[in-house]
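Residue numbers (our numbering): 2 to 337.
Just so it is clear, CB atoms sit at the ideal spot from N, CA and C, and this is done for glycine as well.
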């Protein structure tokens with residue numbers, strides 16, 4: 002196959018990182034970037050020595066083979082559908098849209114096309130999560146009774162980000178909801194969620210919470226819990242514990258996990274905690290973009306189709322409803 006030309010829309014932090022990764026991947030002949038902030042896109046192109054497009058129409062006109070979308074959420078639906086209607090495969094960072102109705106509209110539009118769209122849930126490409134999934138599938142852990150997921154950020158995002166984020170469950174917890182489904186192979190049938198605010202006032206002002214706890218009931222009777230926070234001073238902490246009748250598997254328990262034992266004689270880690278998700282999942286981001294290239298070339302099946310993103314979004318929506326109403330919410334009542 003000829004070298005692939007990849008277009009990228011959105012040159013913020015993760016977009017610039019993806020552009021740098023794509024430039025170095027085998028099979029990529031060219032990377033072209035654009036952004037609503039034209040000067041930022043031009044500066045990124047100059048820094049990375051990739052091509053620049055002044056706007057999205059110029060990007061489409063450049064005969065790109067695939068589009069990577071890392072723009073603000075409210076622009077995702079239009080970019081996805083515009084690319085697919087032109088026959089261009091898409092990789093889009095989650096979410097597909099800002100709400101369920103918008104997500105459903107995109108998914109329904111995509112059902113009329115055979116152009117692939119891969120959604121960016123990078124944890125599916127992390128070696129630890131893959132090992133846990135394989136252990137469950139092989140029966141090595143026996144029957145699973147509990148999964149415990151953790152996503153704890155070391156510091157909150159900027160105040161201006163929070164009102165546009167969709168809230169802690171949709172912005173942050175959705176990764177845990179997706180990976181619980183993917184690792185376990187089970188579906189969530191009911192959620193109970195609660196949250197609190199003990200940090201900056203801007204979370205409450207946006208109707209959001211800075212810390213949350215979620216209990217999920219899966220369709221085989223197993224239970225999952227998810228702990229979320231924007232304030233984990235010890236460092237970025239993302240883990241998954243899978244507990245079974247024969248054994249367990251723990252993802253994210255390494256020398257950089259920000260866990261400090263107070264047991265006598267237990268030495269602290271000599272390595273610093275990961276500062277954030279970009280460092281923790283660097284390898285996973287690279288692998289997911291390499292898989293997108295295989296998807297473009299027809300060498301791989303879609304590893305994360307829009308329907309999976311919709312399921313994770315349903316769970317996040319159920320959590321938000323549960324938090325507001327103080328009751329368990331069944332997923333059957335959320336799906337439309």
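* Would you decide whether residue 107 is buried or exposed? Buried here means 16 or more other CB atoms lie within 10 Å of its CB. => The residue given as residue 107 occupies position 106 in the chain shown. Residue 107 comes out buried.
* Per-residue DSSP class, three states only, for residue 191 -> Along the chain shown, read from residue 1 onward, the residue named residue 191 stands at position 190. In the displayed model, residue 191 falls within a strand according to three-state DSSP.
* Give the single residue among 200, 172 and 217 whose Cα lies nearest to the Cα of residue 187. => Within the chain shown, residue 187 is the residue found at index 186, counting from 1. 217 is the residue among 200, 172 and 217 whose C-alpha sits nearest the C-alpha of residue 187.
* Can at least three beta-carbon pairs, one atom from the segment 161 to 173 and one from the segment 287 to 300, be found at a separation below 8 Å? -> They do not touch, by the three-pair rule.
* Asked: If you count every other CB in all the chains shown that lies within 10 Å of the CB of residue 125, and 16 or more means buried, which is it?
  -> Position 124 of the chain shown, counting from 1, holds the residue named residue 125. Counting other Cβ atoms within 10 Å of its Cβ, residue 125 reaches 16 or more and is therefore classed as buried.
* To do: Can you check the segment 100 to 166 for any beta strand (DSSP E) of at least 3 residues that lies completely inside it and give the ranges in chain order?
  => Listed in chain order, the complete beta strand (DSSP E) runs (minimum 3 residues) inside the segment 100 to 166 are 118 to 121 and 145 to 153.
* Could you give the residue range of the alpha helix (DSSP H) that holds residue 175? -> Translated into positions along the chain shown, residue 175 becomes position 174. First-last of the alpha helix (DSSP H) with residue 175: 175 to 185.
* Candidates 45, 87 and 323: which alpha carbon is nearest residue 17's? -> Within the chain shown, numbered from 1, the residue matching residue 17 stands at position 16. Answer by Cα proximity: 45.
* Check whether the segment 19 to 37 touches the segment 79 to 86, taking contact to mean three or more Cβ pairs, one atom from each stretch, closer than 8 Å. => No, because fewer than three Cβ pairs between the segment 19 to 37 and the segment 79 to 86 fall closer than 8 Å, the two stretches do not touch.
* **Separation of residue 74 from residue 97, as counted between CA atoms** => Walking along the chain shown from the start, residue 97 turns up at place 96. Walking along the chain shown from the start, residue 74 turns up at place 73. Going by C-alpha positions, residue 97 is about 7 Å away from residue 74.
* Any chance the segment 126 to 137 sits against the segment 207 to 214, with 3 or more Cβ pairs inside 8 Å? -> No, the segment 126 to 137 is not in contact with the segment 207 to 214.
* Are the segment 307 to 323 and the segment 190 to 206 touching by the rule of at least three beta carbon pairs closer than 8 Å? -> The segment 307 to 323 vs the segment 190 to 206: in contact.
* Asked: Near residue 264, what residues of its chain come up, given a Cβ to Cβ distance below 6 Å and the 5 sequence neighbours on each side ignored?
  -> By one-based count along the chain shown, residue 264 stands at place 263. No residues qualify anywhere along the chain.
* Asked: DSSP beta-bridge partners for residue 301?
  -> In the chain shown, the residue the question calls residue 301 occupies position 300. Looking at the DSSP assignment, residue 301 forms no beta bridge with any residue, so it has no partner.
* **Segment limits, beta strand (DSSP E) that includes residue 71** => Counting from 1 along the chain shown, the entry for residue 71 is found at position 70. Per DSSP, residue 71 belongs to no beta strand (DSSP E) and is neither H nor E.
* **Distance CB(residue 24)-CB(residue 279) smaller than 9 Å** => Here residue 24 corresponds to residue number 23 of the chain shown, with the count starting at 1. Here residue 279 corresponds to residue number 278 of the chain shown, with the count starting at 1. Cβ atoms of residue 24 and residue 279: not closer than 9 Å.
* **Local Cβ density within 10 Å of residue 231, reported as buried at 16 or more and exposed below that** => Here the question's residue 231 lines up with position 230 in the chain shown. By the C-beta density criterion, residue 231 is buried, having at least 16 other C-beta atoms within 10 angstroms.
* Where residue 223 falls, given that 16 or more other Cβ within 10 Å makes a residue buried -> Sequence index remark: in the chain shown, residue 223 carries index 222 (1-based). Buried.
* Nearest to residue 178 by alpha carbon, out of 158, 228 and 161? -> Working through the chain shown from its first residue, we reach residue 178 at position 177. Of the candidates 158, 228 and 161, the one whose C-alpha sits nearest the C-alpha of residue 178 is 228.
* To do: List the endpoints of the continuous alpha helix (DSSP H) containing residue 22.
  => As a first step, residue 22 must be located in the chain shown, where it is residue number 21. Element bounds for residue 22: 14 to 25.
* When DSSP labels each residue in this structure, what does residue 171 get in the three-state scheme? -> Start at 1 with the first residue of the chain shown, and residue 171 comes out as number 170. Of the three classes helix, strand and coil, the one that applies to residue 171 here is helix, per DSSP.
* **Contained beta strand (DSSP E) runs [length at least 3] in the segment 214 to 279, N- to C-terminal order** => Those beta strand (DSSP E) runs which fall completely within the segment 214 to 279 and span 3+ residues are 224 to 230, 238 to 245 and 249 to 252.
* Shortest alpha-carbon distance to residue 11 belongs to which of 42, 132 and 254? -> Counting from one through the chain shown, the residue named residue 11 turns up at place 10. Cα-wise, what sits closest to residue 11 is 42.
* Three-state secondary structure (DSSP) at residue 200? -> Against the chain shown, residue 200 aligns to sequence position 199. Correct three-state label for residue 200: coil.
* Integer-rounded CB distance, given that residue 70 should sit under 8 Å from residue 94 -> Locating residue 94 in the chain shown gives position 93, counting from the first residue. Locating residue 70 in the chain shown gives position 69, counting from the first residue. Confirmed, about 7 Å.
* Nonlocal neighbours in the same chain, by C-beta distance under 6 Å from residue 225, ignoring five residues either side -> Stepping through the chain shown from its first residue, residue 225 is reached at position 224. Excluding positions up to five away in sequence, the list reads 148, 181 and 217.
* Asked: Are the Cβ atoms of residue 89 and residue 65 separated by less than 9 Å?
  -> The count along the chain shown starts at 1 and reaches residue 89 at position 88. The count along the chain shown starts at 1 and reaches residue 65 at position 64. Contact: yes.
* To do: Under 6 Å Cβ to Cβ from residue 291, same chain only, skipping five residues before and after it: list those, please.
  => Counted from its first residue, the chain shown places residue 291 at position 290. Around residue 291: 26.
* From residue 55 to residue 163, what distance separates their C-alpha atoms? -> Here residue 55 refers to the residue found at position 54 when the chain shown is read from its first residue. Here residue 163 refers to the residue found at position 162 when the chain shown is read from its first residue. Answer to the nearest angstrom: the Cα atoms are 29 Å apart.
* Same chain only: Cβ atoms within 6 Å of residue 246, ignoring 5 sequence neighbours per side -> On the chain shown, position 245 is the one that residue 246 refers to. Its chain contains 143 and 144 as the residues whose beta carbon lies nearer than 6 Å to that of residue 246, once the 5 sequence neighbours on both sides are disregarded; these appear in chain order.
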